[in-house]
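Trainee:
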Ligand SMILES: [Zn+2]
Ligand SMILES: [Zn+2]
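Residue numbers (the numbering used here): 124 to 524.
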């Protein structure tokens with residue numbers, strides 16, 4: 124600040140250091156530790172109505188490292204529920220604008236956008252670096268994906284859902300609590316499997332489905348989500364948490380209540396990686412080379428499991444034609460999915476294990492549709508070892524690397 128500038132002489136530049144402390148009021152809370160918030164690394168999945176409110180709160184609180192993942196661009200109708208977006212931002216990427224606004228709100232926060240489909244294109248290595256994840260996306264498939272990654276890496280996630288004036292906030296805390304899949308009914312699984320069997324078609328439908336939401340309900344639910352995160356970061360202070368429970372809010376009657384979830388011991392989503400081993404491999408590594416590495420490490424019988432299914436071909440049932448196409452499902456556009464002959468939506472042929480006899484071993488992991496900074500697994504029988512594609516880290520983590 125230039126003290127010679129006219130007008131500035133009326134400012135008292137000799138303020139007490141305490142008054143100059145951005146977090147002075149937080150420090151009055153006896154259990155508060157601002158340094159923990161500053162050091163925390165969190166992932167926000169979705170930069171819509173809930174995501175905006177979450178990111179805003181993280182900025183005010185000084186949560187120091189935030190990765191915001193969203194694939195969409197800002198439309199005019201977003202402006203009624205998105206405190207971080209302005210008219211001038213129309214047409215820009217939600218994740219990028221949210222991160223810029225966050226750093227503007229609090230320059231002590233480092234924010235990194237991820238523009239892409241979180242389910243298919245966000246490398247699992249990202250989760251390995253996080254203390255906590257926020258779910259702010261309204262679809263079952265994204266929740267299953269976040270839940271799986273969080274259990275794999277043993278980190279909690281706080282989910283939010285809103286519709287008109289109702290909302291739910293809930294926290295899932297691995298490894299011993301109930302997980303999101305434990306809460307899924309048979310109908311939920313049926314709907315999820317329907318999506319998987321014709322992933323392209325339903326993805327297009329999902330993008331078209333709009334849920335009516337308000338900024339007021341988003342604010343209530345996101346406030347609870349972030350507050351739970353703050354308490355979690357101080358979990359050694361004996362604060363009660365919403366772990367394995369849901370806060371259900373009805374904005375019409377202003378009723379709220381807590382639901383407690385039950386852990387299902389037969390749930391298949393409770394696997395936690397014992398260890399994630401670093402490698403210098405990345406999306407430029409040929410998949411055959413990664414398989415050889417796994418076999419050197421684990422023996423000649425080992426196979427390579429990818430962390431997700433990738434599309435290797437599109438099949439038209441009507442024309443009985445198969446077109447090879449290596450891509451993550453998140454990268455296959457609806458137009459590409461349609462059969463050029465009959466215009467019907469084709470089914471993707473999915474693959475997630477490399478056994479060594481595939482005709483595409485010289486393709487790179489990236490060419491197969493594996494996202495950068497992902498994790499692959501070597502497997503022999505029941506023995507598994509997990510490896511992160513470290514060569515991509517700087518590219519994906521950006522300012523958080
Ligand atoms: Zn479960
Ligand atoms: Zn066809």
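C-beta: ideal position from N, C-alpha, C; glycine also.
Collect the residues with a C-beta less than 5 angstroms away from any heavy atom of ligand 1 and give them in sequence order along the chain.
Mentor: Ordered along the chain, the selected set is 302, 304, 305, 390 and 392.
Trainee: Where does residue 510 sit, in a helix, a strand or coil, going by DSSP?
Mentor: Taking the chain shown and counting its residues from 1, the one referred to as residue 510 is at position 387. Note: residue 510 maps to strand in three-state DSSP.
Trainee: Just to confirm the assignment, what range does the alpha helix (DSSP H) spanning residue 217 have?
Mentor: The sequence position of residue 217 within the chain shown is 94, counting from 1. Segment 217-228, the alpha helix (DSSP H) holding residue 217.
Trainee: How would you label residue 273, buried or exposed, when you count the other beta carbons within 10 angstroms and need 16 or more for buried?
Mentor: Start at 1 with the first residue of the chain shown, and residue 273 comes out as number 150. By the neighbour-count rule (16 or more Cβ atoms within 10 Å), residue 273 is buried.
Trainee: Residue 395 and residue 270: beta carbons closer than 7 angstroms?
Mentor: As a working note, residue 395 is residue 272 in the chain shown. As a working note, residue 270 is residue 147 in the chain shown. For residue 395 and residue 270, no; Cβs fall outside 7 angstroms.
Trainee: Helix, strand or coil: how does DSSP classify residue 430 here?
Mentor: Your numbering for residue 430 matches position 307 in the chain shown. The answer is strand: DSSP assigns residue 430 an E or B state.
Trainee: Straight-line CA distance for residue 280 to residue 464?
Mentor: Numbered from 1 along the chain shown, position 157 holds the residue referred to as residue 280. Numbered from 1 along the chain shown, position 341 holds the residue referred to as residue 464. C-alpha separation (whole angstroms): 44 angstroms.
Trainee: Residues in its own chain within less than 7 angstroms of residue 253 by CB, not counting five upstream and five downstream?
Mentor: The sequence position of residue 253 within the chain shown is 130, counting from 1. Around residue 253: 164, 165, 166 and 278.
Trainee: For residue 274, report the span of its alpha helix (DSSP H) as first-last.
Mentor: If you number the chain shown from 1, residue 274 lands on position 151. Unbroken alpha helix (DSSP H) run through residue 274: 263-276.
Trainee: Residue 442: beta carbon under 6 angstroms from a heavy atom of ligand 2?
Mentor: Against the chain shown, residue 442 aligns to sequence position 319. Result yes, Cβ under 6 angstroms from ligand 2.
Trainee: Compute the Euclidean distance between the alpha carbons of residue 218 and residue 238, then round it to the nearest angstrom.
Mentor: Your numbering for residue 218 matches position 95 in the chain shown. Your numbering for residue 238 matches position 115 in the chain shown. Distance between the alpha carbons of residue 218 and residue 238: 6 angstroms.
Trainee: How far does the alpha helix (DSSP H) with residue 376 in it reach, from first residue to last?
Mentor: Here residue 376 is taken as the residue at index 253 of the chain shown, counted from 1. First-last for residue 376: undefined, no H or E at that position.
Trainee: Compare the Cα-Cα distances from residue 342 to each of 283, 380 and 293 and report the closest residue.
Mentor: Position 219 of the chain shown, counted from the first residue, corresponds to residue 342. Taking only the C-alpha atoms, the option nearest residue 342 is 283.
Trainee: Taking only three categories from DSSP, how would you classify residue 174?
Mentor: Position 51 of the chain shown, counted from the start, is the residue given in the question as residue 174. Correct three-state label for residue 174: helix.
Trainee: What are the partner residues of residue 405, as DSSP defines its beta bridges?
Mentor: For this step, residue 405 is matched to residue 282 along the chain shown. None, per the DSSP bridge assignment.
Trainee: Out of 185, 496 and 161, state which residue places its alpha-carbon closest to the alpha-carbon of residue 524.
Mentor: Walking along the chain shown from the start, residue 524 turns up at place 401. Ranking the options by Cα distance to residue 524, first place goes to 496.
Trainee: Count the CB pairs spanning the stretch 411-429 and the stretch 455-471 that are closer than 8 angstroms, and state whether there are at least three.
Mentor: No: fewer than three Cβ pairs fall under 8 angstroms.
Trainee: In the DSSP assignment, what are the bridge partners of residue 352?
Mentor: Sequence index remark: in the chain shown, residue 352 carries index 229 (1-based). Paired residue(s): none; residue 352 is not in a bridge.
Trainee: Please check the pair residue 290 and residue 372, which I expect to be a contact at CB under 8 angstroms, by giving their CB distance rounded to whole angstroms.
Mentor: For this step, residue 290 is matched to residue 167 along the chain shown. For this step, residue 372 is matched to residue 249 along the chain shown. With 8 angstroms as the limit, residue 290 and residue 372 qualify as a contact, their Cβ atoms being about 5 angstroms apart.
Trainee: Return the bridge partner residues of residue 382 from the DSSP annotation.
Mentor: Start at 1 with the first residue of the chain shown, and residue 382 comes out as number 259. 369.
Trainee: Within the continuous alpha helix (DSSP H) that includes residue 410, where are the two ends?
Mentor: Within the chain shown, numbered from 1, the residue matching residue 410 stands at position 287. Looking at the DSSP string, the run of the alpha helix (DSSP H) that includes residue 410 is 410-421.
Trainee: Rounded to a whole number of angstroms, what is the C-alpha to C-alpha distance between residue 482 and residue 356?
Mentor: Indexing the chain shown from 1 puts residue 482 at position 359. Indexing the chain shown from 1 puts residue 356 at position 233. Approximately 48 angstroms, taken between the alpha carbons.
Trainee: Which class does residue 471 belong to by DSSP, given the choice of helix, strand or coil?
Mentor: The residue you call residue 471 lines up with position 348 of the chain shown. In the structure shown, residue 471 sits in a strand (DSSP, three-state: E or B).
Trainee: Rounded C-beta distance between residue 434 and residue 473? I'm assuming under 8 angstroms.
Mentor: In the chain shown, residue 434 corresponds to position 311, counting from 1. In the chain shown, residue 473 corresponds to position 350, counting from 1. Contact flag correct, Cβ pair sits at about 6 angstroms.
Trainee: Going by CA-CA distance only, name the one from 415, 522 and 509 that's closest to residue 95.
Mentor: Because the chain spans 124 through 524 in this model, residue 95 falls outside it and cannot be assessed.
Trainee: Taking the straight line between their C-alpha atoms, what separation do you get for residue 525 and residue 159?
Mentor: A question about residue 525 goes unanswered here, because the residues of the chain that appear run from 124 up to 524.
Trainee: So who's on the other strand from residue 499, going by DSSP bridges?
Mentor: In the chain shown, the residue the question calls residue 499 occupies position 376. Answer by DSSP bridge pairing, in chain order: 510.
Trainee: For a test of your reading of the model: does the CB of residue 241 fall under 6 angstroms from any non-hydrogen atom of ligand 2? Yes or no.
Mentor: In the chain shown, residue 241 corresponds to position 118, counting from 1. Checking every heavy atom of ligand 2 against the Cβ of residue 241, none is found closer than 6 angstroms.
Trainee: Taking the straight line between their C-alpha atoms, what separation do you get for residue 149 and residue 353?
Mentor: Stepping through the chain shown from its first residue, residue 149 is reached at position 26. Stepping through the chain shown from its first residue, residue 353 is reached at position 230. Whole-angstrom Cα-Cα distance: 12 angstroms.
Trainee: If you draw a straight line from the C-alpha of residue 285 to the C-alpha of residue 415, how long is it?
Mentor: Walking along the chain shown from the start, residue 285 turns up at place 162. Walking along the chain shown from the start, residue 415 turns up at place 292. Their Cα atoms are separated by approximately 47 angstroms.
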